[in-house]
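Q:
In the working numbering, the protein residues as written are 58 to 213.
Take a look at the structure:
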């Protein structure tokens, strides 16, 4: 009995710069629109009863009622979304930090663990956006315009 075995060579190629650009644009769009929409909804109340998501200890830290605190949250979210639109490298980190605060609030509330887990995924996406938007620094120094005098040796 003869056994034939087929082997396939797998070659890993670097990611396409087009794919990285598309990922950046997708993340920037999502992290611009979502915070603005959720921030505006803090005023409209169409998507959720946002006051119910505020942990009592957080409500005790901020002045005013839970509703007033959520209105302030709405303003911060709109500003964060606009920041992502104009400065995604910075805005991505701001949104990630904001989401971390939301996760801590939800976990200490003792409810909404599913929402906290979703927000963890969003936080990782915001961090990915910030990294994709970071300026690229070359590891190779730029060549100088003229050779340095000490490097030029005169032969007589």
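Where is the CB? At the ideal position from N, CA and C, for every residue including glycine.
Small disclaimer: the values here were computed from a predicted structure and weren't measured.
1. Along the chain, where does the alpha helix (DSSP H) containing residue 153 start, and where does it finish?
2. Are residue 105 and residue 149 closer than 7 Å when you measure CB to CB?
3. To the nearest angstrom, how far is it from the Cα of residue 193 to the Cα of residue 81?
4. With a threshold of 8 Å on Cβ separation, who are the neighbours of residue 85 within its own chain once the five nearest residues in sequence on each side are excluded?
5. Roughly how far, in whole angstroms, is the beta-carbon of residue 108 from the beta-carbon of residue 124, given that I think they are within contact range, below 8 Å?
6. Between 178, 163, 137, which lies nearest to residue 110 when the distance is taken from Cα to Cα?
7. Would residue 173 pass as a contact of residue 181 if the rule is Cβ separation under 7 Å?
8. Going along the chain, which residues of its own chain have a beta-carbon closer than 6 Å to the beta-carbon of residue 176, five neighbours each way excluded?
9. Mind checking whether residue 179 and residue 112 have CB atoms under 7 Å apart?
10. Fully enclosed by the stretch 82-146, which alpha helix (DSSP H) runs are 4 residues long or longer?
11. Considering Cα atoms alone, identify which of 79, 92, 75 is closest to residue 131.
12. Taking only the alpha-carbon atoms, compute the straight-line gap between residue 96 and residue 134 and give it to the nearest angstrom.
13. Among the residues of its own chain, which have a CB less than 7 Å from the CB of residue 151, if the five just before and after it don't count?
14. Decide if residue 220 is buried, meaning its Cβ has at least 16 other Cβ atoms within 10 Å, or exposed.
15. Give the secondary structure of residue 190 by DSSP, where H, G and I count as helix, E and B as strand, and everything else as coil.
A: Short version:
1. 145-166
2. no
3. Rounded to the nearest angstrom, the two C-alpha atoms are 14 Å apart.
4. Answer for residue 85: 141, 142, 145, 186, 190, listed in chain order.
5. 5 Å
6. 163
7. no
8. 156, 159, 160
9. no
10. 113-118, 123-143
11. That would be 92, whose Cα lies nearest to the Cα of residue 131.
12. 5 Å
13. Setting aside the 5 residues that flank it on each side, residue 151 is surrounded in the same chain by 137, 140, each with a C-beta closer than 7 Å to its C-beta; the list follows chain order.
14. Absent from the structure is residue 220, since the part of the chain shown begins at 58 and ends at 213.
15. Assignment of residue 190 by DSSP, reduced to helix, strand and coil, places it in the helix class.
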